[in-house]
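A.B. asks: Per my numbering, numbering through the sequence shown is continuous, rising by one, with the last residue being 485.
Where is the CB? At the ideal position from N, CA and C, for every residue including glycine.
Would you mind keeping the following structure in view while I ask a few things?
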Amino acid sequence: MFERRSVQNYYLRSFSILISFFLLRKQVICDEGEARTFYGRNISIKEAPFVAGILVSRQEICTGTLVSENIVLTSKNCLKSVKTIKDIKVFLGTDVIKDDGKNYYTASAVYTNPKEGVSNDPLDLINLALIKLNKHVEISATISPIRIETKPWPSGIEEYSRLCSAMGLGKHSKTGSVGRLHGSQVVMEFGPKACGCAKLGRLQKTKLICMNNRGNDRFCYGDTGGPLICDDTLVGLAHNTVKCENYTKNPVDLSECGLDSTVDTYVYLYNYLKWLNFVMKTKVMARTVDNEMNINEISFRELHAPSTGYLCEFGLSGSQLFLIIIVHVLLMC
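Structural data, given as structure tokens:
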């Protein structure tokens with residue numbers, strides 16, 4: 153009986169290796185010759201028509217997400233150098249951001265979420281920003297909003313191994329350039345046991361989604377505010393890099409992207425649905441980032457735009473990755 157089981161395990165192991173080889177070989181072939189980020193591939197805007205490039209003061213690039221026909225969601229950290237609202241350019245419908253490009257929108261207002269608590273820890277400062285565009289976009293194959301997920305993070309197997317897609321306009325690991333749209337499939341985790349070696353408290357882990365470092369893409373500067381897409385919905389925004397417990401550098405140098413001794417985190421948007429809905433559904437009195445402008449009353453459209461049906465396919469497909477996981481689980485039995 154033992155000998156028979158050993159033979160079965162041998163064939164299962166061989167089958168697993170063969171499947172993994174062919175699927176991963178497909179991944180390598182797809183990536184060869186392409187300028188990679190940390191460590192995704194260049195993608196077309198048609199694969200992610202909701203991605204927005206944000207150029208601030210003609211020099212700083214960040215990433216955002218179109219969530220309605222005239223609203224882009226990003227991180228307030230992207231707007232630190234803004235002196236007047238005219239400093240903001242929002243690029244849509246393009247996979248390359250250039251200062252002299254013409255396919256951009258200007259902003260008419262910016263709204264940020266209320267500050268939480270009194271902590272000065274950057275990880276506790278969840279700074280979301282809603283940029284109202286100067287006009288509504290025309291929906292097309294290259295410009296289309298995506299809805300925000302309204303369901304809580306799944307439990308079970310997906311709690312610590314949810315397959316999602318991350319994308320942004322940050323630095324390429326090989327070329328060093330910024331401003332080219334890139335993305336890849338990533339495995340994300342959320343919960344009390346998530347985030348690996350990252351030095352995070354229990355409360356912080358309720359606000360942040362962590363990227364599993366094992367074989368994943370990583371984000372770099374320029375990707376800040378970029379979307380995390382799971383099941384065709386916007387789930388998180390690229391937030392911050394957290395050093396591990398045994399990492400001696402202080403503070404973390406964000407120019408050193410993709411380090412094994414750091415963990416990349418995303419803001420978990422589910423926690424902020426109430427605020428997002430309030431701003432997007434009602435007429436509110438709020439001050440914009442432009443110090444020269446007065447308080448304006450602005451009516452926003454519905455937050456949850458119809459689903460675009462887009463799910464970016466980067467590298468291995470979900471079914472392919474699932475097959476590999478199942479085979480390996482069987483081998484462990």
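Let me confirm a value: Ile309 is counted as buried when at least 16 other C-beta atoms fall within 10 Å, else exposed. Which label applies?
C.D. replies: Answer is exposed; the Cβ neighbour count stays below 16.
A.B. asks: Along the chain, where does the alpha helix (DSSP H) that runs through Asn429 open and close?
C.D. replies: Here the alpha helix (DSSP H) through Asn429 covers 425-433.
A.B. asks: Where does the unbroken alpha helix (DSSP H) through Arg210 begin, and where does it stop?
C.D. replies: Where Arg210 is concerned, there is no enclosing alpha helix (DSSP H), given that its DSSP letter is neither H nor E.
A.B. asks: Which word fits Ala350, buried or exposed, when buried means at least 16 other C-beta atoms lie within 10 angstroms of its C-beta?
C.D. replies: Buried: at least 16 other Cβ atoms inside 10 Å.
A.B. asks: Kindly indicate the opening and closing residues of the alpha helix (DSSP H) around Arg354.
C.D. replies: Counting along the chain, the alpha helix (DSSP H) containing Arg354 begins and ends at 354-357.
A.B. asks: How far does the beta strand (DSSP E) with Leu315 in it reach, from first residue to last?
C.D. replies: Its beta strand (DSSP E) spans residues 314-320.
A.B. asks: What whole-angstrom Cβ distance do Thr385 and Thr414 have, given they're in contact under 8 Å?
C.D. replies: The pair is not a contact, with the Cβ atoms about 27 Å apart (cut-off 8 Å).
A.B. asks: According to the neighbour-count rule (16 or more other Cβ atoms, all chains shown, within 10 Å of its Cβ), is Asn286 buried or exposed?
C.D. replies: Result: exposed.
A.B. asks: Please classify His391 as buried or exposed, where buried requires at least 16 other C-beta atoms within 10 Å of its C-beta.
C.D. replies: Buried.
A.B. asks: Here's the rule: buried if 16 or more other CB atoms are within 10 angstroms of the residue's CB, otherwise exposed. What is Asp416?
C.D. replies: Counting Cβ neighbours within 10 Å, Asp416 comes out buried, since at least 16 surround it.
A.B. asks: Using DSSP bridges, identify the partner residues of Asn194.
C.D. replies: DSSP output for Asn194 lists His334 as bridge partner(s).
A.B. asks: In the DSSP assignment, find the beta strand (DSSP E) that holds Leu380 and state where it starts and stops.
C.D. replies: First-last of the beta strand (DSSP E) with Leu380: 379-382.
A.B. asks: According to DSSP, is Asn229 part of a helix, a strand, or is it coil?
C.D. replies: Helix at Asn229.
A.B. asks: Do the CB positions of Gly348 and Lys357 come within less than 8 Å of each other?
C.D. replies: Not closer than 8 Å, so no.
A.B. asks: Measure from the alpha carbon of Leu421 to the alpha carbon of each residue in Asn265, Glu311, Val330, Thr294, then state which is nearest.
C.D. replies: Closest option to Leu421, Cα to Cα, is Asn265.
A.B. asks: Using the C-alpha atoms, what's the distance from Lys303 back to Lys198?
C.D. replies: For Lys198 and Lys303, the distance between alpha carbons rounds to 26 Å.
A.B. asks: Among the residues of its own chain, which have a CB less than 7 Å from the CB of Glu397, if the five just before and after it don't count?
C.D. replies: Cβ neighbours of Glu397 beyond the five flanking positions: Cys349, Lys351.
A.B. asks: With respect to the beta strand (DSSP E) encompassing Thr417, which residues constitute its N-terminal and C-terminal limits?
C.D. replies: Thr417 -> beta strand (DSSP E) spans 414-420.
A.B. asks: What does DSSP give as the partner residue(s) for Asn255 in the beta ladder?
C.D. replies: Partner(s): none; Asn255 has no beta bridge.
A.B. asks: Helix, strand or coil for Glu341 per DSSP?
C.D. replies: Three-state DSSP puts Glu341 in a strand.
A.B. asks: For the beta strand (DSSP E) holding Ala350, just list the boundary residues, first then last.
C.D. replies: Where Ala350 is concerned, there is no enclosing beta strand (DSSP E), given that its DSSP letter is neither H nor E.
A.B. asks: Go through its chain and collect everything with a Cβ distance to Leu321's Cβ below 8 Å, but skip five positions before and after it.
C.D. replies: The answer, listed in chain order, is Val203, Gly205, Ile213, Cys214, Thr215, Ile249, Val330, Gly331, Arg332, Leu333, His334, Gly374, Asp375, Gly378.
A.B. asks: Can you have a look at Asp239 and say buried or exposed, based on whether 16 or more other CB atoms are within 10 angstroms of its CB?
C.D. replies: Buried: at least 16 other Cβ atoms inside 10 Å.
A.B. asks: So, is Ala261 buried or exposed, given that buried needs 16 or more other C-beta atoms within 10 angstroms?
C.D. replies: Burial call: buried.
A.B. asks: Among residues of its own chain, excluding the 5 on either side of Ser196, which ones have a beta-carbon nearer than 7 Å to its beta-carbon?
C.D. replies: Answer for Ser196: Asp247, listed in chain order.
A.B. asks: Note down, in chain order, each residue of its chain lying with its Cβ closer than 6 Å to the Cβ of Glu311, except the 5 sequence neighbours on either side.
C.D. replies: Taken in chain order, the residues that qualify are Gly343.
A.B. asks: In three-state terms, what does DSSP make of Gly308?
C.D. replies: Note: Gly308 maps to helix in three-state DSSP.
A.B. asks: Considering only residues of the same chain and omitting the five flanking positions on each side of Thr460, which have a CB-CB separation below 6 Å?
C.D. replies: Note on Thr460: pLDDT 36, under 50, position unreliable in the model; no value is reported.
A.B. asks: Measuring CA to CA, which of Val242, Arg193, Ile237 is closest to Thr226?
C.D. replies: The candidate whose alpha carbon is nearest that of Thr226 is Val242.
A.B. asks: Does the distance from the CB of Leu360 to the CB of Gln337 come in under 8 Å?
C.D. replies: For Leu360 and Gln337, no; Cβs fall outside 8 Å.
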